[in-house]
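Chains as they are written, first to last, in my numbering: chain A, 1 to 424; chain B, 1001 to 1424.
In structure tokens form, the structure reads like this:
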């Protein structure tokens, strides 16, 4: 336990039945993913936006110095975890696409709908027609819902603009949300999400536009930290992806890849080659890809909600990735096409059922490892002295209830930057 | 549209973008399940606990006579449906069973856990040790969560007592919840849920206890409307089920059967033979069973959450049941063992993805047909003059968002017995 003589406690959380600190290795691989740093009857002391002491409630009591206006919250013997981190989201869109969902039920594939002008391209048409203020309000609702489900930080992608102007508009919405809402948003430029209608017949020109105009503008305006690409059969080839991502790296952006989602194209291998921060999806990752991921620091961000909502039989090989030693994270993939959910706890249930991940492994995957997937392993994802004071009080007695009790919201209170933002 | 000159309107719901009335056949079979009685720009007038007029907002406006204290709610252009009905729930239990969930992930089957003294028998031990007041508080929390997800009526089973005293205790909890909470609960006696530990070696004696003591006591005290049984390999045989259910019918109880869940044992056929109100689960229903269900009024209550949470590959043959003309309803099977969820909307998502049911079919299955599964087709499940004023305002523009936008709560306001009980 650590305490601090100089700083006054502004928030004290007491009577925590199970305090899931996630203290331990960063990132977590293999059996380390089962380590959740559990403290029974715990307490947490916070000063301002930072955690300054964590430990057994009875030991902590005498050692901290509450400020006059210190807020004291009893967790009522329940579970506290770090605030969850959702490392792969597309929250900036203009409209939901429920009609396509019903078309898929009737037998159309995701790619068939895309070829017919639906899919990402339909979201592009709507986003271009929506003004920035309306887009902001729509996106704000999405991230507030995420937070109500225990998420305190997200990675947020553009990618429904696919023109210089509409991509910058999307990234400005993300920046403004980060500035105005308690949620931390880490922005990703995803101009290479699809070829827009006007470039269907001249893909090379669109790639030039991304490299020569979009990436420089995004970097210059400091609107994104990451650059991502949909590397997939019928979208961007591995070679096109390498060119675009290399340009992004040169411009100072970190790299992510939508890899091996629908077909095995070598996306994971490319991610490791380019030292990407993460390779995401990985439903069809090759054996070579798994071996390479296991030896790298590139985080494998798995999205079981997408396989679920697309009605696919296959999911990413989570058990093999974990047993081989890859750094595994989980995410909603929240987007209006293939995974319309804001709930990361729902994804934890799906990870249990479809990926055979335990509650402890999934907790590692949405805290410590998800923090690494947004390059914030040093600051987020653990309840530990010096870390950002983001945490969730859950209405449950045992953390294993999280995957088991599915489809409902078990959040009692969300604390972000040392302040209660929801519930309580 | 109907109006009523004599009764004052106490609640008026206006500006309904999509009013899903569910007006039409009761019950609904085959293509009728796609009929949802949609009115665009609708309004509903309620007097006391009853709906007295439904129609286009502009036509209704001049025809109703608001009381002085009439509450007017704008649905803001959103979707309104009847309150959902969950026709198969086990809400009276003492403890969650998250550890068994993790055992199943590790490869143990539901039946292996049951044989080792887990499963229903572990819930029985905990329920017997829990006093009635505590059990009431625990169960109240469950049904309040259900209501927050848009459910206004449920069927509620005993079945974790398995002694005369503990079964009556469970049924008294259900009765008290029905009396004290806005939720309508229709009680089902499920003493034949499993053989309790003390009768493992003398099953015949337990059957005698059910027939000679439990059923007469339940009937005499008027504590249940239905009698259900877990007709399954290793639990109650078809012959034992026939004896118990026949005794229940003689005592004036209506019949339900947990049928063909894990193995095909002829449960559906027995349900039709006994004119059961419903046959539930049906994952392994035989072709003969399907044909018989299609020609009967016995409702096929499908529970896709249970297949999902047990990680099974197989689901009930919903499409075949619908195309052959069976009356299909959906339910959570909310219970601490095989399906820990209170969310019927979650089940609608699972019905879409795993049973290939459209949004319209699922709406029929949780309103009109679910009402028939609790023998209330005349009073619940439709927004129509003379029906009970139970309805939900959803935060969505199109009813098809219900299955598509998964794992989160889209309820804006729940209205039960003509009063706002949640949200709004």
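Here a beta-carbon is modelled for each residue, glycine too, at the ideal position from N, C-alpha and C.
| Query | Result |
| --- | --- |
| Same chain, Cβ closer than 6 Å to residue 1418/B, five either side skipped, listed in chain order | 1011, 1046, 1048, 1049, 1389 |
| Between the CA atoms of residue 23/A and residue 15/A - distance to the nearest angstrom | 19 Å |
| Beta-carbon contacts of residue 294/A that lie in its chain and below 7 Å, excluding the five residues immediately before and after | 324, 325, 326 |
| C-alpha gap between residue 1190/B and residue 1367/B, whole angstroms | 24 Å |
| Neighbour flag for residue 403/A against chain B, beta carbons, 8 Å | yes |
| Own chain partners of residue 341/A with C-beta closer than 8 Å, once the 5 adjacent residues on each side are dropped | 305, 309, 332, 334, 347 |
| Contact check, residue 1111/B vs residue 1257/B, beta carbons under 8 Å | no |
| Short Cβ contact (8 Å threshold) for residue 1166/B with residue 1209/B | no |
| Test: residue 346/A CB closer than 8 Å to a CB of chain B | yes |
| Chain B within 8 Å of residue 409/A, Cβ atoms only | yes |
| Chain B contacts from the region 5-20 of chain A (Cβ-Cβ distance under 9 Å) | none |
| Three or more C-beta pairs below 8 Å linking the region 1135-1153 of chain B and the region 1177-1193 of chain B | yes |
| Under 8 Å (Cβ pairs) to chain A, residues found in the region 1108-1138 of chain B | none |
| Beta-carbon separation (whole angstroms), residue 92/A vs residue 170/A, contact threshold 8 Å | 5 Å |
| Coarse secondary structure for residue 1318/B, derived from DSSP in three states | helix |
| C-beta atoms of residue 1415/B and residue 1391/B nearer than 8 Å | yes |
| Buried/exposed call for residue 98/A, threshold 16 Cβ in 10 Å | buried |
| Three-state class that DSSP yields for residue 1289/B in the structure shown | helix |
| Residue 61/A versus residue 53/A - alpha carbon distance | 10 Å |
| Minimum length 4: unbroken alpha helix (DSSP H) runs contained in the region 1241-1312 of chain B | 1267-1273, 1287-1294, 1304-1309 |
| CA-to-CA distance, residue 1073/B to residue 1057/B, given in whole angstroms | 12 Å |
| CB contact check: residue 1303/B to chain A, cutoff 8 Å | no |
| Contact set between residue 105/A and chain B, taken where Cβ atoms lie within less than 7 Å | 1352, 1356, 1358 |
| Neighbourhood of residue 1344/B by C-beta distance below 7 Å, restricted to the same chain and skipping five residues each side | 1084, 1086, 1149, 1150, 1151, 1332, 1366 |
| Beta carbon of residue 1373/B nearer than 8 Å to that of residue 1296/B | no |
| Three CB pairs or more closer than 8 Å across the region 102-111 of chain A and the region 173-182 of chain A | no |
| Beta-carbon proximity of residue 322/A to residue 82/A, cut-off 8 Å | no |
| Residues, ordered as in the chain, of the region 260-272 of chain A that lie near chain B by beta-carbon distance below 8 Å | none |
| Exposure of residue 1115/B, with buried meaning 16 or more beta-carbon neighbours within 10 Å | exposed |
| Chain-ordered neighbours of residue 342/A on chain B, where CB pairs are closer than 7 Å | 1408 |
| Option nearest residue 286/A by Cα separation, candidates 130/A, 136/A, 259/A | 259/A |
| Same chain only: Cβ atoms within 7 Å of residue 1067/B, ignoring 5 sequence neighbours per side | 1008, 1009, 1010 |
| Interface flag, residue 1098/B vs chain A, CB-CB below 8 Å | yes |
| Those runs of the alpha helix (DSSP H) which lie wholly inside the region 1083-1142 of chain B and span at least 4 residues | 1098-1105, 1110-1115, 1120-1128 |
| Other residues of its chain near residue 161/A: CB distance less than 8 Å, five sequence neighbours each side excluded | 124, 127, 128, 167, 168, 169, 170, 191 |
| Cβ pair residue 381/A, residue 119/A closer than 8 Å | no |
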